[in-house]
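Remarks on the structure that follows.
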Amino acid sequence: MRLCDIVDIKSAFMEKTDLSEEEIQTIIDDIPTAFDRDKVIEQLEEYGTCEDKCSNKSCCYSCKDDVIDRSDAIDIVEGGGINEI
């Protein structure tokens, strides 16, 4: 399996078929997502926060890991993996 940019797929359909943009979008919307959206959100909600994991609360500000706010991550997942935040 490979992941594809839906915009590229839509553009290819628009160039090579007589289908309307609405028909193409309906076809695209019917294609299952490559991940289980609800399961990912469930895992994000269960995952502890930095404050839960750190004994030293100041570590959250000096953490060397990339950090994203959980609600932002859930918004991205709910949007199908598109980060428009």
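Residue numbering for the sequence shown follows my numbering, beginning at 240 and increasing consecutively. The beta-carbon is built from N, C-alpha and C at its ideal position, and this holds for glycine as well.
- Here Val316 is buried. Its C-beta has 16 or more other C-beta atoms within 10 Å.
- Between the alpha carbons of Ile267 and Asp275 lies a distance of about 17 angstroms.
- Inter-residue distance for Ser310 and Lys278 is about 15 angstroms (C-alpha atoms, whole angstroms).
- Rounded to the nearest whole angstrom, the CA to CA distance from Lys249 to Ile263 is 7 angstroms.
- Between Ile313 and Leu283, the C-beta gap is smaller than 9 angstroms, which places the two residues in contact.
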